[in-house]
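So the structure is just underneath, and the comments pick up after that.
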Amino acid sequence: MSTGNMNLTLKIWRQKNPDAKGAFVTYKAEGISPDMSFLEMLDVVNEGLIHKGEEPVFFDHDCREGICGMCSLYINGHPHGPKDAITTCQLHMRTFHDGEIIVIEPWRAAAFPVIKDLAVDRSAFDRIQQAGGFVSVNTGGVPDANIIPIPKVIADEAMNSATCIGCGACVAACKNASAMLFVSAKVSQLGMLPQGQPERYSRVQAMVAQMDAEGFGSCTNTGACEAECPKEIKMTNISRMNNDFFSAKLFREEGVSEHAAGE
Amino acid sequence: MSEIKQTFNSSLGKKLIMALTGLFLCTFLIVHLGGNLLLFKDDGGYGFNLYANFLTHFPPIEVIAYLLYLAILVHAVYALVITLNNRKARPVGYEFTNKAPATWSSKNMGLLGSILFLFIVIHMSDFWYNYKYTNSVAYKEYRTDLATGKTTVSDYTPPAADFENSASTENNVEIVRVKDLHARVASSFTQPWYVVFYVIAMGAVAFHLLHGFQSAFRTLGWVHRKYTPVVYFIGTWFFGVIIPLGFAAMPVVYFIQSLK
Numbered sequence: 001m002s003t004g005n006m007n008l009t010l011k012i013w014r015q016k017n018p019d020a021k022g023a024f025v026t027y028k029a030e031g032i033s034p035d036m037s038f039l040e041m042l043d044v045v046n047e048g049l050i051h052k053g054e055e056p057v058f059f060d061h062d063c064r065e066g067i068c069g070m071c072s073l074y075i076n077g078h079p080h081g082p083k084d085a086i087t088t089c090q091l092h093m094r095t096f097h098d099g100e101i102i103v104i105e106p107w108r109a110a111a112f113p114v115i116k117d118l119a120v121d122r123s124a125f126d127r128i129q130q131a132g133g134f135v136s137v138n139t140g141g142v143p144d145a146n147i148i149p150i151p152k153v154i155a156d157e158a159m160n161s162a163t164c165i166g167c168g169a170c171v172a173a174c175k176n177a178s179a180m181l182f183v184s185a186k187v188s189q190l191g192m193l194p195q196g197q198p199e200r201y202s203r204v205q206a207m208v209a210q211m212d213a214e215g216f217g218s219c220t221n222t223g224a225c226e227a228e229c230p231k232e233i234k235m236t237n238i239s240r241m242n243n244d245f246f247s248a249k250l251f252r253e254e255g256v257s258e259h260a261a262g263e
Numbered sequence: 264m265s266e267i268k269q270t271f272n273s274s275l276g277k278k279l280i281m282a283l284t285g286l287f288l289c290t291f292l293i294v295h296l297g298g299n300l301l302l303f304k305d306d307g308g309y310g311f312n313l314y315a316n317f318l319t320h321f322p323p324i325e326v327i328a329y330l331l332y333l334a335i336l337v338h339a340v341y342a343l344v345i346t347l348n349n350r351k352a353r354p355v356g357y358e359f360t361n362k363a364p365a366t367w368s369s370k371n372m373g374l375l376g377s378i379l380f381l382f383i384v385i386h387m388s389d390f391w392y393n394y395k396y397t398n399s400v401a402y403k404e405y406r407t408d409l410a411t412g413k414t415t416v417s418d419y420t421p422p423a424a425d426f427e428n429s430a431s432t433e434n435n436v437e438i439v440r441v442k443d444l445h446a447r448v449a450s451s452f453t454q455p456w457y458v459v460f461y462v463i464a465m466g467a468v469a470f471h472l473l474h475g476f477q478s479a480f481r482t483l484g485w486v487h488r489k490y491t492p493v494v495y496f497i498g499t500w501f502f503g504v505i506i507p508l509g510f511a512a513m514p515v516v517y518f519i520q521s522l523k
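Heads up: the protein sequence lines correspond to chains A and B, in order.
Residue 108 in my numbering sits at position 108 of the first sequence, with consecutive numbering throughout.
Here my numbering = 1-based position in the second sequence + 263.
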C-alpha cells in the first residue's frame, strides 16, 4: 500500500452512443490520493478533461455508499474491481499500486447495451422485475406486526437474497452473460416468505420468460457470479429458483401458468 | 403443446435436458466400467467375450443401448445450441480476461465435451461398429470340461457368414463359440498413439464430470445442506477420479503387457 499520492495509467472504453464503434483511450491520472474512492479518482480525471475542453467520461453512480446498485465498471477483469463484496464506489485507490495500468470497461452483455462510454442500459432488469418481482397487497389498515409467523432461518435466507442491489455484476462476471443470480435472488426473496406465496409459481415462470426474452445467456454453474457479487448473493438461489420453475412447469396439476395470478 | 414447448425451449428447460441426459450417461459409465473390468481377468478373454456377446444379443440391453446413443446426441446437440445462444448473449467481449475464480473445468465444458465426442466416435467405430456390422472380428471357441472345470481356447472359423454365436454341451464338454473382441481390444492397445488418445480422453472425462455431475444436481434444483456435500464427494472421487482411472488403466496395462 502506498502512502503518497499515486500516478496511474487508465485505459478507458470510450463510446459516443449505443450505435457508435467504441475504442480504448489512455488517460493519465496524476496526484491521486490513496484514500480516494475509485469514483472520486474518475471525478478528478473528468475535472481535468473538462478543463481541457474535452468530453468527460460517462459512468453510472448515485449513492456512493454501496447500497443503490447504480455504479458498475469492469476493472482489470473484475466487476466492481478486484476486492470482494464491495461496489465500485467502495473501492479505494489504496487497492492499486503507484504506476499501475488500470483497464476500465463497461458491463458486456447483449441485454445491457452501452449508452455512452462506461454507462450501460440495465432496464432489462427492471422489465424482469415488472414481470413478476412483486407481491400484490390490498391497501387498507396496517396489519399487526408479527401476525404471520416466519421461521428465523427462512427470514434470514429471504433477507440475504433481498440484499441484491440489482447492479448487474453477476451478468458482467458470467462467461455466458447470464442473469440467473439476479433473477433467482428476486424470486427467492419473495417466494420464501408467506406474503409471496400467492404468486410464487406464476412469478418464477414470468420472470424466467422475461429473462429469456431479454437475451441473457443460460447458467452453467461456474460460480463466477457468486464470487463477484458485491452483496455475496449465493448460488443456492439459482437452484431454489430452478426447483420452483420445474415444480411449476412439470409437477403441479393445478393451473399455475404464467398469467394465473395476474388475471 | 405450446406449454410443453415453452417449458423445454426456455433456458432452464434446455439445461434440464442437459442435466438429465448427462446423469443418464454417468450411470452408463458405471455399468461400462464394471463390465470392462473383465479385461483384467486372466482367462484369455473368455469372460470379456461372453460379456460382449451378451450385450449385443440381449434385446432389453439393445433397447437401452439405443436410448444411450440418443442421449449422447441430444446432450451434444443441446450443448451446441446453448453455447451458441450464450455466445450471442455477449457479442462484444472484454479486453481484460475475466478474473473470476471459477474452476477451469466449469469454464471449459464445451472443449472437454468435444474431446469426448471425438473419442466416442473413434471408440465406437473401432469396437462397436466392427463387432456388430463387419466380419473383421475373428471367432474363438472355448471348450470347458465340466468335470474338471478346465477351459481350452482355439480359433474357430464360422461355417456361414451370418453365424453369430453358439453354445452347446457334448460329452460333458461345454462348447462356446463367440466373436473374439478381446483380441481386437488387445491389438488396438498395442499402438502407442491409441493408448495416449485413450488416456487423454479419460482425463477429459474426469474434468467434464468433476464439474458436470454436481452441476446437473444444481440445475435440477437439488441443493441441500446435507446431501450437496455428498453429491460433491461422489462427483469428485467416484466420477472424477475412480471411473476415469479405471478406464485409463485398461489401455495402459494392455500396452505394458504387449511390450513383454
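No residue lacks a Cβ here, since even glycine has one placed at the ideal position from N, Cα and C.
With a cut-off of 8 Å on the beta carbons, I'd call B:Ala-339 and B:Leu-444 a contact; round off their distance for me. About 26 Å; that fails the 8 Å criterion.
In whole angstroms, give me the CA-to-CA distance for B:Ala-511 and B:Ser-451. The straight-line gap from Cα to Cα measures roughly 14 Å.
Taking only beta-carbon atoms, is A:Gly-132 less than 9 Å away from chain B? No, because no Cβ of chain B sits closer than 9 Å to the Cβ of A:Gly-132.
Shorter than 9 Å from the beta carbon of A:Glu-105 to some beta carbon of chain D? Judged by its chain identifiers, the structure shown contains no chain D, and its protein chains are A and B.
Within 9 Å, strictly: CB atoms of B:Val-448 and B:Leu-302: Against a cut-off of 9 Å, the Cβ pair of B:Leu-302 and B:Val-448 comes out as a contact.
With a Cβ-Cβ cutoff of 9 Å, do B:Leu-318 and B:Gly-298 count as a contact? B:Leu-318 is a Cβ neighbour of B:Gly-298, given a cutoff of 9 Å.
Is it buried or exposed, B:His-487, if we count other Cβ atoms within 10 angstroms and call 16 or more buried? Exposed is the call here.
Helix or strand or just coil, what does DSSP make of A:Met-1? Caution is warranted here: a pLDDT of 49 is assigned to A:Met-1, below 50, making its placement in the model unreliable, and no coordinate value can be reported.
Taking C-alpha atoms, which residue in A:Gly-99, A:Gln-210 and A:Ala-172 lies nearest to B:Thr-360? When only C-alpha atoms are compared, the closest one is A:Ala-172.
Could you give the DSSP three-state label for A:Met-36: helix, strand or coil? In this structure, A:Met-36 counts as coil in the three-state DSSP scheme.
Applying the criterion that 16 or more other CB atoms from any shown protein chain within 10 Å of the CB defines a buried residue, is A:Pro-143 buried or exposed? It counts as exposed.
Check the Cβ-Cβ distances between B:Gly-310 and every residue of chain A, and say whether any is below 9 Å. It does not; no Cβ of chain A falls within 9 Å.
Given that B:Ser-478 touches chain A, what residues does it touch there, using C-beta distances under 8 Å? Those within 8 Å of B:Ser-478 in chain A are Thr-220 and Asn-221.
Residues, ordered as in the chain, of the stretch 357-386 of chain B that lie near chain A by beta-carbon distance below 8 Å: Per Cβ criterion, the list reads Tyr-357, Glu-358, Phe-359, Thr-360, Asn-361, Lys-362, Ala-363, Pro-364, Ala-365, Thr-366, Ser-369, Lys-370 and Met-372.
Can you tell me whether A:Arg-252 is helix, strand or coil according to DSSP? DSSP, read as helix, strand or coil, puts A:Arg-252 in coil.
Under 9 Å, do A:Lys-11 and A:Ile-102 count as touching if we go by C-beta distance? Taking the C-beta atoms as reference points, A:Ile-102 is found nearer than 9 Å to A:Lys-11.
Determine the DSSP secondary structure at A:Tyr-27, reduced to helix, strand or coil. DSSP places A:Tyr-27 in strand when its eight states are reduced to three.
Hey, does A:Val-208 have any beta-carbon neighbour from chain B nearer than 9 Å? It does; some Cβ of chain B falls within 9 Å.
Cα-Cα, which of B:Phe-476, B:Asn-435, B:Ile-385 and B:Ala-424 is closest to B:Thr-411? It is B:Asn-435 whose Cα lies nearest to the Cα of B:Thr-411.
Just to confirm my understanding: we take A:Met-70, look at its own chain, exclude 5 residues before and 5 after, and list those with CB closer than 8 Å. What are they? Closer than 8 Å at the Cβ level, and outside the excluded window around A:Met-70, lie Asp-60, His-61, Asp-62, Cys-63 and Cys-167.
Using a Cβ-Cβ cut-off of less than 7 Å, give me the residues of the stretch 269-290 of chain B that come near chain A, in sequence order. Residues passing the 7 Å Cβ filter: Thr-270, Ser-273, Ser-274, Leu-275, Lys-277, Lys-278 and Leu-279.
Of the residues B:Ser-478, B:Gln-454, B:Leu-300 and B:Asn-398, which one's Cα is nearest the Cα of B:Ala-423? Looking at the Cα atoms, B:Asn-398 is the closest of the given residues.
Hey, how far is the Cα of A:Ala-131 from the Cα of A:Ala-213? Approximately 11 Å, taken between the alpha carbons.
Can the beta-carbon of B:Arg-353 be found closer than 9 Å to that of A:Asn-176? Yes, the pair counts as a contact, with Cβ atoms nearer than the cut-off.
Ordered along the chain, which non-local residues of its own chain (more than five positions away) have a Cβ less than 8 Å from that of A:Phe-245? If the five residues before and after A:Phe-245 are omitted, its C-beta is found closer than 8 Å to the C-beta atoms of Val-204, Gln-205 and Val-208, all from its own chain and listed in chain order.
Give the C-beta separation of B:Tyr-211 and B:Lys-403 to the nearest angstrom, bearing in mind that I take them to be a contact with Cβ-Cβ under 8 Å. Residue numbering for chain B in the displayed model covers 264 to 523; residue 211 of chain B lies beyond these limits and cannot be assessed.
Assuming A:Phe-216 and A:Ala-111 form a contact by the criterion Cβ under 8 Å, report the distance between their Cβ atoms to the nearest whole angstrom. Going by Cβ atoms, the distance from A:Phe-216 to A:Ala-111 rounds to 5 Å, so yes, they are a contact pair.
Considering only residues of the same chain and omitting the five flanking positions on each side of B:Val-337, which have a CB-CB separation below 8 Å? For B:Val-337, same chain residues with a beta-carbon under 8 Å away, outside a window of 5 residues either side, are Ile-280 and Thr-284 in chain order.
For a contact meaning CB atoms closer than 9 Å, what does B:Leu-483 contact in chain A? Within chain A, the residues near B:Leu-483 are Ser-239, Asn-242, Asn-243 and Phe-246.
Closest Cα partner of B:His-386 within the set B:Met-372, B:Tyr-457, B:Asp-305 and B:Gly-466: Closest option to B:His-386, Cα to Cα, is B:Tyr-457.
For A:Val-57, the three-state DSSP class (helix, strand or coil): Three-state result, A:Val-57: coil.
Collapsed DSSP secondary structure at B:Thr-270 in the structure displayed: Three-state DSSP puts B:Thr-270 in a helix.
Let's test the definition: count the other Cβ atoms within 10 Å of the Cβ of B:Ser-529 and tell me whether it reaches 16, buried, or not, exposed. No answer is possible for residue 529 of chain B: the residues shown for chain B start at 264 and end at 523.
What separation, rounded to the nearest whole angstrom, lies between the Cα atoms of A:Ser-178 and B:Gly-356? Put simply, the backbone Cα of A:Ser-178 is about 14 Å away from that of B:Gly-356.
State yes or no: is the C-beta of A:Ala-227 within less than 9 Å of the C-beta of A:Ser-72? Using a Cβ distance threshold of 9 Å, A:Ala-227 and A:Ser-72 do not count as a contacting pair.
What's the call for B:Phe-496, buried or exposed, on a 16-neighbour Cβ count within 10 Å? Classification for B:Phe-496: exposed.
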